[in-house]
Amino acid sequence: MPIDKNLMRVVKIEDVNIETPTVKTIFFKDSLSSVSKPGQFLMVWIPRREELPLSVMISDTKNHAAITIRKNGYGSTSLFNKDIGDRIGIRGPFGNSFSFNKSLKNIIFLGGGTGLVPLVRLLYYIKEYDSKFTFIMGAKTKSELFFTELIYEWAKVKKIDLHIATEDGSLGTKGYPTDILRAFLSVHKDIDMIYTCGPELMMKKVYDIAIINSVRMEASIERYMKCGIGICSSCCINDKLVCVDGTIFNETKIQKLTEFGVSYRNKSGILTKF
Amino acid sequence: MDYDISINIAGLDLKNPVIVASGILGLSQCIFDRLYKIGAGAIVSKSISLLPREGYRNPTIVSVDNMSYINAVGLANPGAESFSTEISKNKGPLLVSLVGSEKSEFSVIVRKFRDHKILGFELNLSCPHVEKMGMEIGDDLKLVYDIIQSIKKETTKPLFVKVGLGKSDILEVAKVAESAGADGITAINTLRAMKIDIETQCPVLENKIGGLSGSAIKPLGIRCVYELSKSLKIPIIGCGGIMTYSDVVEYMMAGASAIQIGSLIGLKGISSIGKIVMGLRSYLEAGNINDIKEIIGIAHR
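From first to last, the protein sequence lines are chains A and B. If you read the first sequence in this note's numbering, its first letter stands for residue 15, the second for the next number, and so on. If you read the second sequence in this note's numbering, its first letter stands for residue 234, the second for the next number, and so on.
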């Protein structure tokens, strides 16, 4: 009998990869997670601590998956402190996924921080396509960048154009990834799709730039999440539930989301300005 | 032939007996409007307390088999003031669920909704996982009586009282509610339950204990509705583990005038509401039952 994705599986951490002093990738065996579509997320239980929604990262090992976590709050720090042999609980994968097909010939990925995770998984899925890939990555400073090595590794086999923006200018262009996007689109008029994930105000800029340039786009939206299965309403944005109707929304859907880039629900459910 | 699934309960006309239970998708007007459009007969809001509550840390819900959940959300809600702003333009069939720890709070909350276009209220006397709120109130019969009277003093709109299986006998609590002026009873709430992970040897929910919902509790719900409808004059809304239209029929045969769904939405999504409504219509058509009211309490004959 197939395993129900709603039932929690307790798995052992089999490997970890330190990406930066505050970012870690955790590998584990779970066949349901291993076949997650790019953009889907897992609810990850850190026993006695917290449960967090996390985007699925890639693993090269069969039946394995990974999650990438930045230590930030209580839950993410508890998960960051876990090591090989420790146990965590997994339910999911949940949510929809990025849409992609071979007709998209010129694709831009734009992300920052742990928002890179679903984009990297997506690129991993489609890197064999006969398409042109441009990856725009942003961070506050050079030491906070991660996954660059991974992309350089893939770029040995397949051309991937990597652009980096740091706010302090310690690597790449000084400024924001959206500055690079704006400049890029002024030169390249044949872009078929922009995939983005990261801070909402950054994604709002990507959306605005995409609309001005008449380019299709998809964004992975983040909201405070509890149930992951579409019953608690914690993650609602307008009339959509991010956990089941998203997390991926395209420009047509985003157009109707008046709360996008404007407000979110806090833990009590009160609509709050960004 | 038009098979009628509209119902009248406590003076309210609903286009169908399928109500979205409290705690389920209950805090955003945009979502309410979507639920009305999909076909919900009515919606009960999240339980609203006087002040905002953040609720418990995750995990707040755990699936115990493929048809049942245990949850301890901790009555997270935006509080009366914010929620009254949220629903100020509501036009749909909405019941506001009320929760509190002291009698005085309830009249203040109800007053916030005095000018709102809502159907009425549901009093949550049976949340099983927050201390001094919900079930602990429901176990105190004198307090139940006083709270209901204080709410009824503030509003002429119908008040449903949601009861569960706490320390006090459900029939006794419901009878007290009826004598205090409640217009209807919602039965049942989730049941105190727990899930322990044997590998990590610890409870899964942050609050350790939560409320069990879904298929596992349906037979208990049916029994409670059956017994309640035998001894009460006020109408009953049946709730607990409804997954298909046949579960709706079973609850109505036990004596429920309407029903509420919750866990089903987690399993099958929002569109399941419309499917249940359609299923009910087909059931009436197949049995050549002109009016759904004919089956209410039929099992008592």
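Yeah, the Cβ is synthetic: ideal placement off N, Cα and C, and Gly gets one too.
With DSSP as the reference, identify every bridge partner of residue i, one or two as the case may be.
i, result
"B/Asp-430", "B/Cys-435"
"A/Gly-262", "One detail in the question is off: residue 262 of chain A reads as Ile in this sequence, not Gly. In the DSSP output, where bridge partners are listed per residue, A/Ile-262 has A/Ser-234."
"B/Tyr-302", "B/Ser-296, B/Ser-446"
"A/His-78", "A/Lys-43"
"B/Gly-307", "In the DSSP output, where bridge partners are listed per residue, B/Gly-307 has none listed."
"A/Ser-69", "A/Phe-55"
"A/His-177", "A/Ile-150"
"A/Tyr-278", "A/Thr-286"
"B/Ala-275", "B/Ile-252"
"B/Leu-328", "B/Val-277, B/Gly-353"
"B/Gly-530", "Its beta-bridge partners do not exist; DSSP assigns none."
"B/Leu-247", "B/Ile-240"
"A/Ile-83", "A/Lys-38"
"B/Arg-286", "B/Asn-310"
Going by beta carbon distance, what residues of the same chain come within less than 8 Å of residue i, once the five residues before and after it are set aside?
i, result
"B/Lys-324", "Lys-350"
"B/Pro-285", "Asn-310, Pro-311, Gly-312, Ser-315"
"A/Cys-241", "Ser-248, Cys-257"
"B/Leu-513", "Ile-238, Asn-249, Pro-250, Val-251, Tyr-478, Val-481, Val-482, Ile-525"
Restricting to Cα atoms, I'd like to know which of the options is closest to residue i.
i, options, result
"B/Arg-456", "B/Ser-479, B/Pro-436, B/Lys-365, B/Glu-483", "B/Glu-483"
"A/Asp-29", "A/Val-258, A/Ile-98, A/Leu-199", "A/Ile-98"
"A/Arg-279", "B/Ser-239, B/Ala-243, B/Gly-244, B/Cys-263", "B/Cys-263"
"B/Gly-444", "B/Gly-417, B/Gly-473, B/Gln-434", "B/Gly-473"
"B/Ala-415", "B/Lys-386, B/Leu-398, B/Glu-319, B/Leu-453", "B/Lys-386"
"A/Val-24", "B/Asp-480, B/Gly-259, B/Lys-390, B/Thr-433", "B/Thr-433"
"B/Asn-299", "B/Phe-339, B/Val-510, B/Gly-367, B/Ser-448", "B/Ser-448"
"B/Ile-381", "B/Glu-364, B/Leu-500, B/Leu-358", "B/Leu-358"
"B/Asp-402", "B/Ile-442, B/Lys-270, B/Ile-494, B/Leu-461", "B/Leu-461"
At which residues does the alpha helix (DSSP H) containing residue i begin and terminate?
i, result
"A/Ile-40", "Here A/Ile-40 belongs to no alpha helix (DSSP H); instead the beta strand (DSSP E) covers 37-43."
"B/Thr-419", "Looking at the DSSP string, B/Thr-419 is not in any alpha helix (DSSP H); the run it does join, the beta strand (DSSP E), is 417-420."
"A/Thr-162", "162-169"
"B/Gly-512", "505-519"
"A/Leu-185", "A/Leu-185 -> no alpha helix (DSSP H), and no H or E assigned at all."
From what residue to what residue does the beta strand (DSSP E) around residue i run?
i, result
"A/Gly-106", "101-108"
"A/Val-201", "No beta strand (DSSP E) holds A/Val-201; the alpha helix (DSSP H) holding it covers 191-201."
"A/Asp-29", "23-34"
"B/Glu-355", "353-357"
"A/Ala-153", "146-153"
"B/Lys-451", "Counting along the chain, B/Lys-451 falls outside any beta strand (DSSP E), though it belongs to the alpha helix (DSSP H) covering 451-464."
"B/Lys-395", "392-396"
"A/Tyr-209", "207-211"
"A/Phe-123", "120-126"
"B/Gly-471", "469-472"
"B/Ile-492", "491-494"
Taking 6 Å as the limit between beta carbons, can you name the residues of its chain near residue i, skipping five residues before and five after?
i, result
"B/Val-437", "Pro-292, Val-295, Lys-428, Asp-430"
"A/Glu-65", "Met-57, Trp-59"
"B/Tyr-378", "Val-409, Ala-413"
"A/Met-217", "Thr-210, Ala-233"
"A/Ile-268", "Tyr-221, Phe-274"
"B/Met-486", "Ile-528, Ile-531, Ala-532"
Between the alpha carbons of residue i and residue j, how many angstroms are there, rounded?
i, j, result
"B/Gly-307", "B/Ile-450", "20 Å"
"A/Glu-33", "A/Asp-222", "31 Å"
"A/Ile-226", "A/Leu-176", "23 Å"
"A/Tyr-138", "B/Ser-490", "54 Å"
"A/Cys-257", "A/Met-239", "7 Å"
"A/Ser-45", "A/Asp-144", "29 Å"
"A/Leu-159", "A/His-78", "25 Å"
"B/Gly-272", "B/Gly-507", "5 Å"
"A/Arg-101", "B/Ile-370", "39 Å"
"A/Asn-31", "A/Lys-38", "6 Å"
"A/Val-171", "A/Ile-72", "18 Å"
"B/Tyr-459", "B/Arg-534", "12 Å"
"A/Ser-111", "A/Leu-199", "25 Å"
"A/Ile-245", "B/Leu-258", "5 Å"
"B/Arg-425", "B/Pro-361", "6 Å"
"A/Pro-52", "A/Phe-108", "11 Å"
"A/Phe-123", "B/Phe-354", "49 Å"
"A/Leu-130", "A/Thr-36", "15 Å"
"B/Leu-268", "A/Asp-74", "42 Å"
"A/Leu-271", "A/Ile-251", "7 Å"
"B/Tyr-236", "B/Gly-520", "10 Å"
"A/Phe-55", "B/Ile-522", "46 Å"
"B/Gly-333", "B/Glu-518", "44 Å"
For residue i, which residues in the same chain have their Cβ closer than 7 Å to its Cβ, ignoring the five residues on either side in sequence?
i, result
"B/Ser-505", "Leu-497, Ile-498"
"B/Leu-247", "Ser-239, Ile-240, Gly-274, Ala-275, Pro-326, Ala-491"
"A/Ser-184", "Thr-155, Lys-156"
"B/Val-329", "Ser-278, Ile-281, Phe-346, Ile-351, Phe-354"
"A/Arg-135", "Pro-52, Val-70, Met-71, Ile-72"
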